[in-house]
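First up is the structure itself, then whatever we jot down about it.
In the working numbering, the protein residues as written are 1 to 186.
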(Lines of atoms letter the chains of each structure in order from A and count residues from 1; the text may use other names and numbers.)
(Lines give C-alpha, C1' and ligand atoms only; values in the text may rest on other atoms or scores of the structure.)
Protein backbone atom coordinates (compact mmCIF):
# COMPACT_ATOMS: atom_id res chain seq x y z
CA UNK A 1 0.00 0.00 0.00
CA UNK A 2 1.16 3.53 -0.75
CA UNK A 3 1.62 5.60 2.39
CA UNK A 4 1.40 9.01 0.71
CA UNK A 5 -0.07 10.86 -2.25
CA UNK A 6 2.00 13.30 -4.33
CA UNK A 7 0.10 16.45 -5.18
CA UNK A 8 0.77 19.82 -6.79
CA UNK A 9 -0.85 22.81 -5.09
CA UNK A 10 -0.24 26.47 -5.94
CA UNK A 11 2.72 25.42 -8.09
CA UNK A 12 4.38 23.40 -5.30
CA UNK A 13 4.59 19.61 -4.97
CA UNK A 14 4.08 17.85 -1.65
CA UNK A 15 3.69 14.25 -0.46
CA UNK A 16 0.55 14.00 1.66
CA UNK A 17 0.39 11.09 4.15
CA UNK A 18 -2.58 8.73 3.77
CA UNK A 19 -4.69 8.38 6.93
CA UNK A 20 -7.30 5.72 7.64
CA UNK A 21 -10.89 6.86 8.24
CA UNK A 22 -12.56 3.46 7.80
CA UNK A 23 -11.56 -0.03 6.60
CA UNK A 24 -11.56 0.97 2.93
CA UNK A 25 -11.51 4.76 3.17
CA UNK A 26 -8.37 6.84 3.51
CA UNK A 27 -7.75 10.55 3.17
CA UNK A 28 -4.57 12.39 2.24
CA UNK A 29 -3.65 14.75 5.08
CA UNK A 30 -2.89 18.27 3.91
CA UNK A 31 -1.18 19.99 6.84
CA UNK A 32 -0.22 23.57 6.15
CA UNK A 33 1.28 24.08 9.62
CA UNK A 34 5.01 24.63 9.42
CA UNK A 35 5.11 24.98 5.63
CA UNK A 36 5.69 28.68 5.09
CA UNK A 37 6.33 28.31 1.35
CA UNK A 38 3.01 26.46 0.83
CA UNK A 39 1.11 28.89 3.07
CA UNK A 40 2.35 31.92 1.12
CA UNK A 41 1.71 30.33 -2.27
CA UNK A 42 -1.81 29.19 -1.38
CA UNK A 43 -2.69 32.58 0.14
CA UNK A 44 -1.49 34.34 -3.03
CA UNK A 45 -3.51 32.04 -5.31
CA UNK A 46 -6.67 32.25 -3.20
CA UNK A 47 -6.49 36.05 -3.11
CA UNK A 48 -6.35 36.12 -6.93
CA UNK A 49 -9.76 34.39 -6.93
CA UNK A 50 -11.31 36.01 -3.87
CA UNK A 51 -14.43 38.17 -4.15
CA UNK A 52 -14.47 41.69 -2.68
CA UNK A 53 -14.56 41.34 1.10
CA UNK A 54 -14.01 43.32 4.28
CA UNK A 55 -12.71 40.57 6.55
CA UNK A 56 -11.68 36.90 6.49
CA UNK A 57 -12.69 34.22 8.98
CA UNK A 58 -11.57 30.62 9.53
CA UNK A 59 -12.21 27.87 12.05
CA UNK A 60 -9.45 26.99 14.48
CA UNK A 61 -6.89 25.67 13.75
CA UNK A 62 -5.38 24.60 10.41
CA UNK A 63 -6.77 27.61 8.54
CA UNK A 64 -5.06 30.11 10.87
CA UNK A 65 -1.70 30.45 9.09
CA UNK A 66 -3.54 30.68 5.78
CA UNK A 67 -5.85 33.56 6.77
CA UNK A 68 -2.98 35.29 8.55
CA UNK A 69 -0.96 35.20 5.34
CA UNK A 70 -3.94 36.28 3.23
CA UNK A 71 -4.49 39.30 5.50
CA UNK A 72 -0.77 40.11 5.42
CA UNK A 73 -0.65 39.93 1.62
CA UNK A 74 -3.74 42.16 1.43
CA UNK A 75 -2.09 44.65 3.77
CA UNK A 76 -4.88 44.51 6.37
CA UNK A 77 -4.53 44.05 10.09
CA UNK A 78 -7.60 41.93 10.90
CA UNK A 79 -8.81 38.40 10.44
CA UNK A 80 -11.09 36.31 12.65
CA UNK A 81 -10.65 32.83 14.10
CA UNK A 82 -13.70 30.90 15.32
CA UNK A 83 -12.25 29.31 18.45
CA UNK A 84 -12.74 25.70 19.61
CA UNK A 85 -13.09 26.84 23.22
CA UNK A 86 -14.05 30.17 24.74
CA UNK A 87 -11.11 32.10 26.18
CA UNK A 88 -11.10 34.27 29.30
CA UNK A 89 -10.83 37.45 27.22
CA UNK A 90 -13.92 36.56 25.17
CA UNK A 91 -17.11 38.27 26.41
CA UNK A 92 -20.73 37.48 25.41
CA UNK A 93 -19.68 34.39 23.48
CA UNK A 94 -21.71 33.15 20.48
CA UNK A 95 -21.35 29.40 19.79
CA UNK A 96 -22.35 26.68 17.33
CA UNK A 97 -21.63 22.94 16.95
CA UNK A 98 -19.56 21.26 14.23
CA UNK A 99 -19.12 17.59 13.26
CA UNK A 100 -15.78 17.18 11.45
CA UNK A 101 -14.60 13.93 9.80
CA UNK A 102 -11.07 14.47 11.11
CA UNK A 103 -12.12 14.90 14.74
CA UNK A 104 -13.68 12.11 16.81
CA UNK A 105 -16.03 14.20 18.93
CA UNK A 106 -18.54 16.94 18.27
CA UNK A 107 -16.79 20.29 18.45
CA UNK A 108 -18.13 23.71 19.27
CA UNK A 109 -16.92 26.92 17.64
CA UNK A 110 -17.05 30.25 19.49
CA UNK A 111 -16.80 33.97 18.78
CA UNK A 112 -16.47 36.70 21.38
CA UNK A 113 -18.29 40.01 21.12
CA UNK A 114 -15.17 41.86 19.87
CA UNK A 115 -14.88 39.54 16.86
CA UNK A 116 -18.66 39.54 16.41
CA UNK A 117 -18.55 43.35 16.12
CA UNK A 118 -15.82 43.11 13.45
CA UNK A 119 -18.12 40.85 11.40
CA UNK A 120 -21.42 42.70 11.89
CA UNK A 121 -22.58 44.28 8.64
CA UNK A 122 -19.33 43.34 6.88
CA UNK A 123 -18.61 41.35 3.71
CA UNK A 124 -17.13 38.16 5.10
CA UNK A 125 -14.92 35.67 3.28
CA UNK A 126 -14.79 32.19 4.87
CA UNK A 127 -11.50 30.36 4.26
CA UNK A 128 -10.31 26.88 5.24
CA UNK A 129 -7.48 24.57 4.31
CA UNK A 130 -9.62 21.59 3.19
CA UNK A 131 -13.38 21.34 2.75
CA UNK A 132 -14.73 17.81 2.75
CA UNK A 133 -18.15 17.27 4.31
CA UNK A 134 -18.68 20.99 4.69
CA UNK A 135 -19.57 20.70 8.39
CA UNK A 136 -16.90 23.14 9.59
CA UNK A 137 -17.93 25.52 6.81
CA UNK A 138 -21.59 25.32 7.88
CA UNK A 139 -20.65 26.02 11.49
CA UNK A 140 -18.64 29.12 10.54
CA UNK A 141 -21.47 30.26 8.25
CA UNK A 142 -23.90 29.92 11.15
CA UNK A 143 -21.66 32.01 13.43
CA UNK A 144 -21.26 34.73 10.79
CA UNK A 145 -25.03 34.86 10.20
CA UNK A 146 -25.74 34.90 13.97
CA UNK A 147 -23.67 38.06 14.41
CA UNK A 148 -24.97 39.85 11.30
CA UNK A 149 -22.13 39.33 8.83
CA UNK A 150 -22.76 38.95 5.09
CA UNK A 151 -21.02 35.95 3.54
CA UNK A 152 -19.58 36.88 0.15
CA UNK A 153 -17.47 33.80 -0.49
CA UNK A 154 -16.26 30.41 0.65
CA UNK A 155 -12.73 29.32 -0.22
CA UNK A 156 -10.36 26.45 0.47
CA UNK A 157 -7.00 25.26 -0.69
CA UNK A 158 -8.43 21.80 -1.39
CA UNK A 159 -11.90 20.29 -1.94
CA UNK A 160 -12.24 16.65 -0.97
CA UNK A 161 -15.01 14.16 -1.72
CA UNK A 162 -18.45 15.67 -2.36
CA UNK A 163 -17.12 19.20 -1.79
CA UNK A 164 -15.53 19.00 -5.25
CA UNK A 165 -19.00 19.21 -6.80
CA UNK A 166 -20.14 22.28 -4.87
CA UNK A 167 -20.48 25.42 -6.95
CA UNK A 168 -20.46 27.76 -3.94
CA UNK A 169 -16.83 27.02 -2.99
CA UNK A 170 -13.73 28.35 -4.71
CA UNK A 171 -10.74 26.04 -4.26
CA UNK A 172 -7.31 25.52 -5.77
CA UNK A 173 -7.24 21.74 -6.27
CA UNK A 174 -9.30 18.57 -5.88
CA UNK A 175 -8.13 16.11 -3.24
CA UNK A 176 -9.19 12.54 -3.96
CA UNK A 177 -10.28 9.90 -1.46
CA UNK A 178 -8.42 6.58 -1.34
CA UNK A 179 -8.97 2.84 -0.93
CA UNK A 180 -6.97 0.90 1.66
CA UNK A 181 -4.49 -0.13 -1.05
CA UNK A 182 -3.75 3.55 -1.81
CA UNK A 183 -5.67 3.65 -5.10
CA UNK A 184 -7.89 6.65 -5.81
CA UNK A 185 -11.63 6.19 -5.31
CA UNK A 186 -13.30 7.13 -8.61
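Using N, Cα and C, we set each Cβ at its ideal position, and we do this for glycine too.
All values derive from a computational prediction rather than experimental measurement.
Between the C-alpha atoms of residue 135 and residue 75 there is a straight-line separation of about 30 Å. Every alpha helix (DSSP H) of 4 residues or more that sits fully in the region 104–129 is shown, in chain order, as 113–119.
Residue pairing from DSSP places residue 153 in a beta bridge opposite 125. For residue 58, the uninterrupted beta strand (DSSP E) segment begins and ends at 55–59. Taking the Cβ atoms as the reference, residue 153 lies roughly 5 Å from residue 125, within the contact range of under 8 Å. For residue 26, the three-state secondary structure derived from DSSP is strand. The Cβ atoms of residue 91 and residue 112 lie closer than 8 Å to each other. Between residue 27 and residue 129 a beta carbon distance of about 13 Å is seen, past the 8 Å cut, so the two are scored as non-contacting. Nearest neighbour of residue 173 by Cα position, chosen from 132, 182 and 2, turns out to be 132.
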